[in-house]
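Some notes on the structure that comes next.
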Amino acid sequence: QAQDKEYTIAVSIPAATHGWTGGVVYHAQEAEKQLEAAYPNIDVIVSTASSATAQVASLEDLSATSELDALVILPFTSEELTGPVEQVAANGTFVTVVDRGLSDPSIQDLYVAGDNIAVGANTAKWLVEKLGGEGEIVVLRGIPTVIDDERIKGFQDVIDQSDIKILDIQYANWNQDEAFTLMQDYLGKYPNIDAVWANDDDMLLGVIEAVDQAGREDIKYMLGGNGMKQVIEMVKAGDERTPISTPYPPSMIASAMHMTAAQFAGQAPMRGSFKLDAPLITPENADQFYFPDSPF
Amino acid sequence: MSSAEIATRPESEGFKIRWGDLAPFIALGVIILLGTMINSNFMSANNMLNVITRSAFIAIIGVGTTFVIATGGLDLSIGSMLAFVVGIMVMAMNALAPSFGPWAIPIGAVVALVVGSLCGLMNGLIITVGRIEPFIVTLGTMGIFRALITYMTDGGSLSIDRSLRNAYRPVYFGDVLGVPYPVIITLFIALLGAFILYRTKYGRRVTAVGSNADVARFSGVHVGRVRTMAFVIQGFCVAVAAICYVPRLGAATPTTGQLWELQVITAVVIGGTLLRGGKAHIWGTVAGALILEVIANVMVLSDMVSEYLVAAVQGAIIIIAMLAHRFTSSR
Amino acid sequence: MSSAEIATRPESEGFKIRWGDLAPFIALGVIILLGTMINSNFMSANNMLNVITRSAFIAIIGVGTTFVIATGGLDLSIGSMLAFVVGIMVMAMNALAPSFGPWAIPIGAVVALVVGSLCGLMNGLIITVGRIEPFIVTLGTMGIFRALITYMTDGGSLSIDRSLRNAYRPVYFGDVLGVPYPVIITLFIALLGAFILYRTKYGRRVTAVGSNADVARFSGVHVGRVRTMAFVIQGFCVAVAAICYVPRLGAATPTTGQLWELQVITAVVIGGTLLRGGKAHIWGTVAGALILEVIANVMVLSDMVSEYLVAAVQGAIIIIAMLAHRFTSSR
Amino acid sequence: MKLAATDAAGRTMPPEPVLHAEALSKAYGPITVLSDVTLDIRAGEVHAIIGENGAGKSTLMKLLSGHAEPTGGTMAMAGQPVAFADAVQAEDAGIVLVHQEILLAPDLTVAQNLFLGRELSRFFAVDDKRMNRRTAEVLARVGSTARPWTVVGELPLAQRQLVQIARALLDDRKVIILDEPTAMLANDEVDALLDIVRNLRAQGVAVLYISHRLEEVEALADRVTVLRDGKMIGTWPAETLDQRQMAELMVGRELSMLYPPKRDPTTVEPVLVVEDLSVDHGKITGSFSVRPGEVLGIGGMIGAGRTELIEGLMGLRPSQAGAIRLGGSAVTKHDVTALMAAGLVYLTEDRKGKGLLLNEGLGPNLILQAMDMINPRLRLDRKKENAVVKAAVQEYDIRVRTLSIEAGQLSGGNQQKLLLAKVMQADPSVVIIDEPTRGIDIGNKSQIYRFIDDLVRTGKACVVISSELPELVGLSDRVLVMRGGRFVAELTGNDITEQNVVYAAASSGKDTEGRKRA
Ligand SMILES: Nc1ncnc2c1ncn2[C@@H]1O[C@H](COP(=O)(O)OP(=O)(O)OP(=O)(O)O)[C@@H](O)[C@H]1O
Ligand SMILES: Nc1ncnc2c1ncn2[C@@H]1O[C@H](COP(=O)(O)OP(=O)(O)OP(=O)(O)O)[C@@H](O)[C@H]1O
Ligand SMILES: [Mg+2]
Ligand SMILES: [Mg+2]
């Protein structure tokens, strides 16, 4: 029976290079502890990688050196990881893909994802409504990747249908410092800004600092995304300028790991796609999205 | 010709050499001029103060880097060391806050200075005692410091206690007669650095070691000690930058200070310090830090380039600035 | 003493020098030994092949870097240049695919080689004609290439056409008699590099320029041309690596090749090439690339360190390896 | 040899030596370069060490001054045994060495170099004023015109040599070792230096003096020690030896005539014509020509600009020329490679900085310049390279104990021979040699002179820049004298005398009174 056999589940995720990925690592480790405690016959190996190339390398290493029963992977990029994951799947390994879908969806057995387009679009819809369909805003981009691209696209598509003008858009690399610097420059450049969208809560913190220092009153809203702990606290407290965030919970990795483990624990097999919605986090529902122990 | 007569002449000769040293300041002037033409907001007091204040970090760290490079060394661990020191400092301050109140800040700052200097000492000792290329050693310690801060923050962020936040904020945002603190600190560190480098025995030996280590050794200079000390100075400067850095955003994250090493080294080299050692220009370094910050600022203020190409234009400007001052200054 | 008697001794002396050159290979052996002890799977043919194949990129690029460093240069733009070349190659192949079918692959590869060499030529010319520090120039072009690839991918990614994917795959995943193609390509490039460096006139001039540029100039060596050529070789090697890279990941993104420059330079220095120029060890570079890849592999295979600390342990191992081979080899 | 060494006899009279070396030996790996040297160095005495190139003179001096550790033997100062771990300890004990090669930090100023490691300070700051003043004094003493605040890297070689000597004189010393201090100096500076040495002797300092210019040794030394092949031949009171005897003790055989007889160059067309050459934007200008079979000497005081003129001619400095004709055809491309291909080569005076790859072996050095001629194909022919090395070692008598030695490990004189061999690989028709015998021993000097003679007798031409007047006079068929970057005189036939050269070289004759030399 299933209980007698030893199972190995490999988890491949990006290294903690900024807040969100830090959250992913945290939740993956928590899930590892829980799973290994709950199912003594399941061994979970968490492996982090700092680039797409490194992730492919660690995939090769994991599959070359141990019999993998399942792989849970949060790919750096879809295109680059599709081939390598296909190789792993070809050995009969159960594949769970998290967050970024592969270019060829037939490879994955299970898909758990956030919706980056919705993160951008929902934020934009809220903003369009609050600003009454007009105004001037600035946007901060993250690191040039697909994730960033999709969020920006989702956001821009909605904004384009309103009279809101995007004054400027620049990269700040999901980095607080760079966001602070960039925002200072935006403030110097534009005498009137109605709202800021930082696309990520890490950057939002830098933005807020810059705006506070400049003492600018014209900025009505400063929004981020991802549901970082500190920002959720602000939402809960009913902050005027940051009344919402958008979840893009790093905990999705944990959900995916639990669902994968369920395969081997005798429960009903799980297959298919699970797309996490990106509902607005508001003071009313903020508690659901608040993990005080998470680093993110 | 009498020796008394000879000894009175340094000024006239000294003046000729200064021209080359002025290059970074001229470059800075030109870039500022361009900025003014591109955007009228550029020269606003507010923008100028922001830019100058921001450049403080690179300038302060750069003073230390000038020492390291002058001895013929190189330090790639600067950025991660900053993050590590910031992390330790925040943890120390948070731990001390309950019992010491606002006094936690100066105590934490002292802790930072000690930790920074020790980090530098470690780099220096591995390099000089182990006789390994500084490039390799500091690449290694860069990984080590970065990993440690990631570990300390659990991949997330490490924020300073709310209770300290307000007391500490002025160290970045405050000013004396309109001059922001970080600018004052930068000036102080640069003055101190210039004094040590140009007016003390140690400074003499720094350039001697970088110029020709064998000659220095024959002359009784403890080459290893001089090199190690330069790394300690580097660590100290990193800690000073950390002290100014924390009040700005109040937190350490695994991305704090990422790739700053490249920026700092660029500032130092643009400032006229030779990468092979033996020549050092503290004030050039400060100008170099300003040049980098002003270029970045002008890029954002100008509307001319696609966000994708900002980095390209920045890179090109730096190269062109160097080319220009190569072809104008001397020959 | 007659000079005939003198001439009999060179061999014994020559042999002694080789010991130092062996250091990287010994280090590699020790790390492999450690790996075997830590995880029994480490030595499996499969794992070994993977690791060796992966190290191909760094090794191939490293051959070019060995030339650049041997002339006393430095190239920080390697990683971004790789991304840029990959981007151009993918675009070229995709554009050619409809009309040329699978022939798009070799044509695209030739395009890559040309573009890579031109990128290197640009670096080289700016450095030698403009007489600017390589560090600054390549830091600038690093920004430029990185921005261009970001622009080309629109911040997203640029994938190779599905129709070419399968025809191209074997270049990374295929093998001849069990030896993977990338390994064969690495061997070929390293052999070619070793031939050029040790057995041609150009190679002689490379080391001459690196060990004393004035002597080379006085001896009628075109120092600028030799340096520029080294950068062209570097660009060519980057293009070869790009040709092997595309079938592996199938796409170019703005993060492709990020920080590879540091890895490559580390591999070269671990391999025994002096960072200040004048001495070059092609095979040491290959060993250095393997060392880095094996360390990373062992880190993944061993479950001993927290993911946060992997970078720290890697950094520490590299330093320790260098220390060890400093204290064993000669003294 | 009838002369008795003073070892036994001399010991009874003089007081205890300041420095006594007993059976000193030095080996590099399996190669012994110095064995069993026993030496007394006495206060108030100039002790000359002479010997052929590679005899071990510099090595011995390095052992005495802590720059290298002996592999055998002992040293004692004032009866107390001493051992120096490094040069600093030796300097503390009062022994200082002025290297044969320039050892200064190029980025520092003269004063900073002089006081490196022992800077003067006031409170916390260095006292530049005082250091500059003292530097100026010492520089004036050694007859240097360099200024204390000039960066050393910008000084000509000769000035750097004087700076090195000045450094040794800065503090009071018990023993001052000068390793070929005059090799890079011209007459004026040499005279000044000899006066300084006499002064030091009068002050009770022990001076160890190495030189290949035996007339200096004769004029200066109280005792002379001769080394040959790493072994001590003996020590003699100087007055018992004349130059010829010294030379024979060094070489161990009878010496032939030093200078070959002069030629009578036929008045054919010149092989090299240089018209209106202007170097460093007009700072130095000149026109000259050389005929086949002629040795053209260029004389002048240090800093006259001879080296710069030639470096400009070779395209190694910013320069312009009205016309350069080589072997009848005009040279359009004004760079080393093109000139070498056309048959003109230049041997630099700075063998360490511009001449040899010190970390490379003999082969790479020898073939570097003429690589395309020796080896027309892309691929290097290692066999040919080895053959070239063997031939050069033989032909130029480069004394090496192993062929796998690095150029930097050769003795100074052998480096010079290696450099000569290197430029000759290009098979030139005109050779310009800057200071041809810098650091060459007397035996080899005549060899090099004969070499030059043989060369021009086969219809080639040679331009010799030399600061050594006897050499310039003894060798040249025609002499051009340079002053302040311009040619000021041309001497031919019987007009070529030391007096005439000196007269033309010194500005408007003003400086000539200090010269007592015959
Ligand atoms: N580091 C070294 N390794 C091997 N051999 C060396 C080294 N240094 C010197 N030698 C050898 O020792 C011998 C003596 O050299 P030294 O420099 O003492 O000669 P010298 O008498 O000063 O000659 P010169 O008159 O040419 O300066 C030479 O054969 C030289 O090649
Ligand atoms: N004391 C000095 N300080 C600064 N520059 C000097 C000094 N003496 C000479 N120079 C510079 O050096 C140049 C000439 O040096 P160079 O070595 O070419 O002279 P040279 O005639 O070849 O003498 P040498 O006998 O050393 O070969 C002069 O034009 C002068 O600019
Ligand atoms: Mg010598
Ligand atoms: Mg000269």
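Residue numbers (my numbering), protein chains in the order written: chain A, -8 to 287; chain B, 15 to 345; chain C, 15 to 345; chain D, 5 to 522.
The beta-carbon is built from N, C-alpha and C at its ideal position, and this holds for glycine as well.
Remember, it's a predicted structure, so these values are computed and weren't measured experimentally.
Item to check | Identity of the residues DSSP links to B:A265 by a beta bridge | outcome: Start at 1 with the first residue of the second sequence, and residue 265 of chain B comes out as number 251. Answer is B:S173, bridged to B:A265.
Next on the checklist: By the three-class DSSP mapping on this structure, what secondary structure does A:H249 have?
Outcome noted: Working through the first sequence from its first residue, we reach residue 249 of chain A at position 258. Three-state result, A:H249: helix.
Checklist entry - Around the C-beta of A:D185, are 16 or more other C-beta atoms found within 10 angstroms, so that it is buried, or is it exposed? => result Sequence index remark: in the first sequence, residue 185 of chain A carries index 194 (1-based). Its Cβ being crowded by 16 or more others within 10 Å, A:D185 is buried.
Checklist entry - Cβ of D:E353 less than 8 Å from any chain B Cβ? => result In the fourth sequence, residue 353 of chain D corresponds to position 349, counting from 1. No, because no Cβ of chain B sits closer than 8 Å to the Cβ of D:E353.
Item to check | Alpha-carbon spacing of D:E279 relative to D:M377, whole angstroms | outcome: Against the fourth sequence, residue 279 of chain D aligns to sequence position 275. Against the fourth sequence, residue 377 of chain D aligns to sequence position 373. Whole-angstrom Cα-Cα distance: 28 Å.
Item to check | ligand 1 site residues, beta-carbon cut 5 Å against heavy atoms | outcome: D:Y32, D:V37, D:N57, D:G58, D:A59, D:G60, D:K61, D:S62, D:T63, D:Q413, D:L414, D:S415, D:G416 and D:G417
Item to check | Pairwise C-alpha distance: D:A395 and C:T22 | outcome: On the third sequence, position 8 is the one that residue 22 of chain C refers to. On the fourth sequence, position 391 is the one that residue 395 of chain D refers to. Low confidence applies to C:T22: its pLDDT is 35, below 50, so where it sits in the model is not reliable enough to give any reading.
Checklist entry - Since B:A230 meets chain D, which of its residues come closer than 8 Å, beta carbon to beta carbon? => result Working through the second sequence from its first residue, we reach residue 230 of chain B at position 216. Correct list: A109, L120 and G121.
Checklist entry - In or out: B:E19 buried (at least 16 other Cβ within 10 Å) or exposed? => result Mapped onto the second sequence, residue 19 of chain B falls at position 5. Because B:E19 carries a pLDDT of 40, less than 50, the predicted location of this residue cannot be relied on, and the following value inherits that uncertainty. The residue is exposed, with fewer than 16 neighbouring Cβ atoms inside 10 Å.
Next on the checklist: Need the endpoints of the beta strand (DSSP E) that D:F292 sits in, please.
Outcome noted: Position 288 of the fourth sequence, counted from the start, is the residue given in the question as residue 292 of chain D. Taken as a continuous stretch (DSSP letters only), the beta strand (DSSP E) holding D:F292 covers I288 to V294.
Checklist entry - Between B:V324 and chain A, is there a C-beta pair that is closer than 8 Å? => result Taking the second sequence and counting its residues from 1, the one referred to as residue 324 of chain B is at position 310. Closer than 8 Å: yes.
Checklist entry - Between which two residues does the beta strand (DSSP E) carrying D:L422 extend? => result Counted from its first residue, the fourth sequence places residue 422 of chain D at position 418. Premise fails: D:L422 lies in the alpha helix (DSSP H), G416 to M428, not in any beta strand (DSSP E).
Next on the checklist: By the three-class DSSP mapping on this structure, what secondary structure does D:V404 have?
Outcome noted: Taking the fourth sequence and counting its residues from 1, the one referred to as residue 404 of chain D is at position 400. Correct three-state label for D:V404: coil.
Next on the checklist: To be precise: take each residue of the stretch 231 to 259 of chain C, compare its Cβ to all Cβ atoms of chain D, and keep it if any distance is under 8 Å. Which residues remain?
Outcome noted: R231, F232, S233, G234, V235 and H236
Checklist entry - Name the chain G residues that come within less than 7 Å of A:S42, Cβ to Cβ? => result Reference to chain G is not applicable here, since the protein chains of this structure are A, B, C and D.
Checklist entry - Measuring CB to CB, does D:E4 end up less than 8 Å from D:G367? => result Nothing in the structure corresponds to residue 4 of chain D, since chain D is present only between 5 and 522.
Checklist entry - Touching or not, the stretch 93 to 100 of chain B and the stretch 255 to 275 of chain B, by the rule of three or more beta carbon pairs under 8 Å? => result yes
Checklist entry - Which residues in chain B sit within 7 Å of C:T280, going by Cβ to Cβ distance? => result For the purposes of this step, residue 280 of chain C is taken as the residue at position 266 of the third sequence. In chain order: I150 and L153.
Next on the checklist: Assuming the contact rule is C-beta atoms closer than 8 Å, C:P407 and C:A181 should be a hit. Round their C-beta distance to whole Å, please.
Outcome noted: An answer regarding residue 407 of chain C cannot be provided, because it is not within the stretch 15 to 345 covered by chain C.
Checklist entry - Quick one: is C:I14 buried, meaning 16 or more other Cβ sit within 10 Å of its Cβ, or exposed? => result It is not possible to answer for residue 14 of chain C, since the shown part of chain C is limited to 15 through 345.
Next on the checklist: Quick check on this structure: which residue in C:T155, C:I279 and C:R218 has the alpha carbon closest to the alpha carbon of B:I150?
Outcome noted: By 1-based counting over the second sequence, the position of residue 150 of chain B is 136. It is C:I279 whose Cα lies nearest to the Cα of B:I150.
Next on the checklist: Can you look up A:D268 in the DSSP assignment and give me helix, strand or coil?
Outcome noted: Counting from 1 along the first sequence, the entry for residue 268 of chain A is found at position 277. It is coil, neither helix nor strand.
Checklist entry - Using a Cβ-Cβ cut-off of 6 Å (strictly less than) and excluding sequence neighbours within five positions of C:G130, which residues of its own chain qualify? => result Along the third sequence, one-based indexing puts residue 130 of chain C at 116. Within the same chain, C:G130 has close Cβ partners V99, G249, F250, V252 and A253.
Checklist entry - So what's C:A325 in DSSP terms, helix, strand or just coil? => result Sequence index remark: in the third sequence, residue 325 of chain C carries index 311 (1-based). The answer is helix: DSSP assigns C:A325 an H, G or I state.
Item to check | Neighbouring residues, chain B, relative to A:R132 (Cβ below 9 Å) | outcome: Counted from its first residue, the first sequence places residue 132 of chain A at position 141. Those within 9 Å of A:R132 in chain B are E321.
Item to check | Neighbour flag for D:K514 against chain C, beta carbons, 8 Å | outcome: As a position in the fourth sequence, residue 514 of chain D is number 510, starting the count at 1. Unreliable placement is indicated for D:K514, whose pLDDT of 40 sits below 50; no coordinate value is reported for it.
Next on the checklist: 8 Å is my cut-off, CB to CB: does D:T311 come that close to chain C?
Outcome noted: The sequence position of residue 311 of chain D within the fourth sequence is 307, counting from 1. D:T311 does not count as touching chain C.
Checklist entry - Residues in its own chain within less than 6 Å of C:I74 by CB, not counting five upstream and five downstream? => result Counting from one through the third sequence, the residue named residue 74 of chain C turns up at place 60. Excluding sequence neighbours, C:I74 sits near T200, I203, C251, V254 and A255.
Next on the checklist: Does the stretch 132 to 141 of chain A come into contact with the stretch 168 to 186 of chain C, if we say contact requires no fewer than three beta-carbon pairs (one atom in each stretch) closer than 8 Å?
Outcome noted: yes
Checklist entry - With 16 as the cutoff for other CB atoms within 10 Å, does D:V221 come out buried or exposed? => result Numbered from its first residue, the fourth sequence carries residue 221 of chain D at position 217. Burial call: buried.
Checklist entry - How many angstroms separate the CA atom of C:L162 from the CA atom of C:A123? => result Taking the third sequence and counting its residues from 1, one reaches residue 162 of chain C at position 148. Taking the third sequence and counting its residues from 1, one reaches residue 123 of chain C at position 109. Taking the straight line from one Cα to the other gives about 19 Å.
Item to check | Cβ neighbour criterion (16 or more within 10 Å) applied to A:Q161 | outcome: Within the first sequence, the letter at position 170 stands for residue 161 of chain A. Buried: at least 16 other Cβ atoms inside 10 Å.
Checklist entry - Exposed or buried, what is C:P159 when buried is set at 16 or more other beta-carbons lying within 10 Å of its beta-carbon? => result Position 145 of the third sequence, counted from the start, is the residue given in the question as residue 159 of chain C. In the sequence as presented, Pro is not what sits at residue 159 of chain C; that position holds Phe. C:F159 should be labelled buried.
Checklist entry - Should C:G144 be flagged as near chain D, meaning a C-beta pair shorter than 8 Å? => result Working through the third sequence from its first residue, we reach residue 144 of chain C at position 130. It does not: the Cβ of C:G144 has no partner Cβ on chain D nearer than 8 Å.
Checklist entry - What are the start and end residues of the alpha helix (DSSP H) that includes B:K215? => result Taking the first residue of the second sequence as 1, we reach residue 215 of chain B at position 201. Start and end: K215 to S225.
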